[in-house]
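All remarks here apply to the structure that follows.
Number of protein chains: 2
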Amino acid sequence: MSGRKRKFWGWGFDDQRVPEAEAAMVRESLSKTYGTALEAAAVPPEAGEFDLRAPRIKAPQSLARIAHDDAHERLVHAYGKSFPDSVRMFQRHVPEPPDVVFYPESARDVADVLDWASRENVAVIPFGGGSSVVGGVETAVGGSYRGVASLDLGRMGRVIEIDRASRSARIEAGAFGPALEAQLKPHHLTLRHFPQSFEFSTLGGWIATRSGGHFATLYTHIDDFVQAMEVVTPAGQFATRRLPGSGAGPQPERLMIGSEGTLGVITSADMRLQDAPKFRASAAIRFADFLSGAEAVRALSQSGLHPSNCRLIDAQEARGTGAGDGSASVLVLGFESADHPQDHKLARALELVRDHGGQWDPPRQGGHREGAAGAWRDAFLRAPFWREVIVPLGIIVDTFETAITWDRFAGFHANVTARMKAAMRAATGHEGRITCRFTHVYPDGPAPYFSFQVPGRFAVLMVQWRAIKEAANEIVVNEGGTITHHHAVGRDHRPGYGREVPPLFISMMQAAKAVSDPAAILNPGVLFDPVSRAVGVTGAMAR
Amino acid sequence: MSGRKRKFWGWGFDDQRVPEAEAAMVRESLSKTYGTALEAAAVPPEAGEFDLRAPRIKAPQSLARIAHDDAHERLVHAYGKSFPDSVRMFQRHVPEPPDVVFYPESARDVADVLDWASRENVAVIPFGGGSSVVGGVETAVGGSYRGVASLDLGRMGRVIEIDRASRSARIEAGAFGPALEAQLKPHHLTLRHFPQSFEFSTLGGWIATRSGGHFATLYTHIDDFVQAMEVVTPAGQFATRRLPGSGAGPQPERLMIGSEGTLGVITSADMRLQDAPKFRASAAIRFADFLSGAEAVRALSQSGLHPSNCRLIDAQEARGTGAGDGSASVLVLGFESADHPQDHKLARALELVRDHGGQWDPPRQGGHREGAAGAWRDAFLRAPFWREVIVPLGIIVDTFETAITWDRFAGFHANVTARMKAAMRAATGHEGRITCRFTHVYPDGPAPYFSFQVPGRFAVLMVQWRAIKEAANEIVVNEGGTITHHHAVGRDHRPGYGREVPPLFISMMQAAKAVSDPAAILNPGVLFDPVSRAVGVTGAMAR
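The listed protein sequences derive, respectively, from chains G and U.
Heads up: the first sequence is residues 58 to 600, going by the working numbering.
Heads up: the second sequence is residues 58 to 600, going by the working numbering.
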């Protein structure tokens, strides 16, 4: 993070505040929506306002060089960047901050931290950019540890080696999106993985959480970009071989991808890269209703056209983000290639969407950042910042994402919408609003992303949010979806995860963890409990 | 297998013999190559010629309905279909046949077999089509078991349920390629997974061994087609959720895909299907040398054009299979789509190959089964049958496949070729020939497939073959390749696998196995030893 301080209570750097004019616009828009002049119940916190628990443990002399325990560092590493994380910061509620924060500079440093922590019964929370919205980096791990350390990979951000012929690079896990791309750019290569958190998240975090990129189809998930990786576990190192493909047993990388810091710490990875796109073709298509749009997207997803962008946004969300006027669902459709023009693809795609009632203005050449797509993108990138305006107003705003097969989508969408409205009403007494868009689409189903918003009361936001979140977890899993498509499981999705995944698989994972992390110090409470101790659900989802 | 008996000593059904005219052609061609009139040292075996060890165990009454122990069944299930398997059959050498063969008709039957075997210390070898070429279904498991059972899923071959909207189907694991496709065809869907073994291999076998399909890029690996699966293990069942995608923890299916029957028995899977292609465009391109062809393929692999066929065949192999005249390497290039014409893609691909010196005759429209591609395909499908002609002549013919990043390919190809020639000479005293083609290509590297042939002596073929195979394993792994790209590990690739994969990962897999297979009865000797007993390398690779 090269010196620039991160904001511990919200998105971005400490010096990045939402300009007052923009904040006023957000407040006014919400006040108008709810027909009452909303006022902030709290101002942003300062580190000095927190009476943090004294560190219970101290880094040994050998690790002093990379250890920090000042209030700002401890606060930055206490929570991720979810709605409840923000609420708890505005409420000055951080009962279990890390006792110490380590900034390793090498895999050797990581191994030394894990050795020490295993010996001393200190929980270790691997930390990339800290952008988790599911309680994935939270340090509230309960009382069975002598202490808790956050392990921030942020000083390990180098691109170590580039193989131009194979278009791949070995990159340290702590590389943040912008720095990573900046190092690749002189070689005319790009990882082309752009999650919403891009600016404030790291390669290692993307891999550990199975990050979904910005693109809608084909090469978008971090899973597919990993060629090899190096992992440090309490039981030793683990490096896989750089290969374009292999059929030798279960793929080792796949055991670590999505392990969310429970099995080991990813210290570097060989990543498959791409050439930067030169050819683009895009269009914004309107549908009278969301389900017709979904049928059009199904046709596209099964066409083999592989659009890079295929974001269907319902009418209400389209209006909210400036992508539409609220009269129609909007499909932001785009194609990109580094090698050849995409006009034929767009032309065929437009035939398909017309078959499902889609209408559009004449497509723009190369204009993927303009019009509906551009408006949507701007709102998308600003949204995480707006939370610092919204939380003190006592408004609950959150999102959840899932994936479901096409055969069940229509019923799923209707039931999730109806039950979430009921859950919001039950928790707050107010009418909430829930909108939906597709972030990714597959031939066998979409990944719907739901955003919800309902007025709550600042003092009890955690209780209200938790009731709604629990309902969302239950609805999604009951209706056949996955508990998470790309936000990860963390602590907030554990109840749903436990119902989605076969218990025998969990037992097998626990056994694997007992090998790589015999003292069960790594990210306890995330995904599943270690066999040797029940940690259970802690943090924001704890009751 | 619906009544038609399989050949226990070679490829295909018992009634499928290579016609004498075709056999004579193969013999004459080899005699000409080696400048001597080759004669068969053995005739095909009959089941009655084997003095099989009496079954050491008997199926319990409750499983009698699905148990068989006649000589033909025991011989069919003793080995796979590799070169050494064929040699040992021609040599009438089957010291460790299965004691009993089970044909379960349901997941419940599978569970009952595993329960009984776990109690009775009987090793169980899951068997799909038995087409393994790496010792994956071999029943020679050593002396620490009371007996060994083969578990043939061949009676579980139904397509259970089709979801047309999501293009997916739930299919029993014992479905053979042709029967599977025949059941999908009325629904205008196809799995479109065509390994060379297609006719004689099963869905469950494909998943358990990470089968590579016929197509060169994109959707070709069985890994990518699995939407969900049901697995029966000695510790219980394990069913995953039908989802188009998920980011919830390490993907459970990926633990089982490639587990080669060591962790559980796949009983059914939900598979992603495709529409049958309607549009095709193809060409056969000649390159003066293989490495220029490889550079052209690299450009294609990184272009985003995603050819369905992109098979670069070196000059010698092109001549041997009728795809060329031996003066040039041949690239068989093809595009397919169910949705839109592929001419633009082919046109762009031809620009790319021309930049690397490729030359071609005017492309044919829709002619992917004609010309070089057709000739190659015919030879490809007949090759497994020819082994029954070649083995008794005392000629060693075998193949191995790998994958390697582009930056290392040229050196890899040169070194593998040189060292394999040396290994063949050392083992037999004769000059051998080794050829190469690409079966699959990725943006970061090709999957080279090597075929080798050298005259040996019938009586000592096993010793000679083993020396060469060990050299091949060592060369491939030393040079940075993977021990297997799509043939699987089985018993024959274990030494290389043990060097390729991190020991800590193996320990984690062993721990997972101790959960799902606590008595360690499942396919011992494949991939890795169970923690509870060292089985080591048995069968064809044993010394």
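Backbone N, C-alpha and C define an ideal beta-carbon position, used for all residues, glycine too.
Give, in chain order, every residue of the stretch 198-224 of chain U whose Cβ lies closer than 9 Å to some Cβ of chain G. ASP220, ARG221, ALA222, SER223 and ARG224
Is the beta carbon of G/ARG212 sitting closer than 9 Å to the one on G/ASP156? no
By DSSP's criteria, G/GLU393 is part of a beta bridge. Which residues make up the other side? G/ARG337
Nearest by alpha-carbon distance to U/LEU579: which of U/PHE251, U/ASP455, U/GLY193 and U/ASP382 is it? U/GLY193
For the alpha helix (DSSP H) holding G/GLY262, just list the boundary residues, first then last. 260-265
Give the DSSP bridge partners of U/PHE295, in chain order. U/VAL288
Exposed or buried, G/ALA597, counting other C-beta atoms within 10 Å across all chains shown (16 or more means buried)? buried
Is G/VAL181 helix, strand or coil by DSSP? strand
Chain-order list of residues whose beta-carbon lies under 6 Å from that of G/GLY410 (same chain, five-residue window excluded): The question names Gly, yet the displayed sequence has Val at residue 410 of chain G. Result list for G/VAL410: ILE342 and ALA353, in chain order.
Look at G/TYR91 and G/HIS487 and say whether their C-beta atoms are less than 9 Å apart. yes
Please work out which residues of its chain come closer than 7 Å, Cβ to Cβ, to G/LEU390, disregarding the five sequence neighbours upstream and downstream, and give them in chain order. SER339, ALA340, ILE342, PRO364, ASN366, CYS367 and ALA406
Under three-state DSSP, which class holds U/ASN472? helix
For the pair the stretch 146-163 of chain U and the stretch 202-212 of chain U, tell me if three or more CB-CB distances fall below 8 Å. yes
So what does DSSP say about G/GLY424, is it helix, strand or coil? A caution first: G/GLY424 carries a pLDDT of 48, below 50, which makes its placement in the model too unreliable to give a value.
Can you say whether U/PRO291 is buried or exposed, counting buried as having 16 or more other CB atoms within 10 angstroms of its CB? buried
Report the rounded CA-to-CA distance for U/ASP166 versus U/VAL289, giving the unit in angstroms. 10 Å
Within-9 Å CB hit, U/VAL572 to chain G: yes
Interface flag, U/HIS542 vs chain G, CB-CB below 9 Å: yes
Grab the span of the alpha helix (DSSP H) containing G/TYR202 for me, first residue to last. G/TYR202 -> no alpha helix (DSSP H), and no H or E assigned at all.
Under 8 Å Cβ-Cβ, which residues of chain U neighbour G/GLY315? GLY304, ALA305, GLY306, PRO307 and GLN308
Taking all protein chains shown into account, do 16 or more other C-beta atoms lie within 10 angstroms of the C-beta of U/GLY377, making it buried, or fewer, making it exposed? buried
First and last residue of the uninterrupted beta strand (DSSP E) at G/PHE509: 502-512
In this structure, what does DSSP give as the bridge partners for U/MET328? U/ALA226 and U/VAL283
Between the beta-carbon of U/ASP371 and the beta-carbon of U/ARG476, is there less than 9 Å? no
Can you give me the Cβ contacts of G/VAL190 inside the same chain, cut-off strictly under 7 Å, excluding the 5 residues immediately before and after it? GLY137, LYS138, SER139 and HIS544
Which one or two residues does DSSP pair with U/GLY186 in a beta bridge? In the DSSP output, where bridge partners are listed per residue, U/GLY186 has none listed.
G/ARG600 (DSSP reduced to helix, strand or coil): Note that G/ARG600 has pLDDT 44, beneath the 50 cutoff, so the model's placement of it is unreliable and the number below is only indicative. DSSP places G/ARG600 in coil when its eight states are reduced to three.
Identify, in the order they occur along the chain, each residue of the same chain with its Cβ nearer than 6 Å to the Cβ of U/ASP126, setting aside the five sequence neighbours on each side. PRO112 and VAL157
Check U/ARG212 in the structure and name its three-state DSSP category. helix
Is G/ILE447 near G/LEU87, with beta carbons less than 9 Å apart? yes
Tell me, please, which residues DSSP counts as bridged to U/ARG63. U/PHE70
Determine, using beta carbons only, whether U/ALA265 and U/MET313 come nearer to each other than 9 Å. yes
Roughly how far, in whole angstroms, is the beta-carbon of G/ASP209 from the beta-carbon of G/HIS134, given that I think they are within contact range, below 8 Å? 7 Å
If I measure Cβ to Cβ from G/PRO141 and keep anything under 7 Å in the same chain, skipping five residues before and after, which residues do I get? MET519, TRP522 and ALA597
Would you say G/LEU320 reaches chain U, if we count a Cβ-Cβ gap shorter than 9 Å as a contact? yes
Kindly indicate if chain U contains any beta-carbon less than 9 Å away from that of G/LEU388. no
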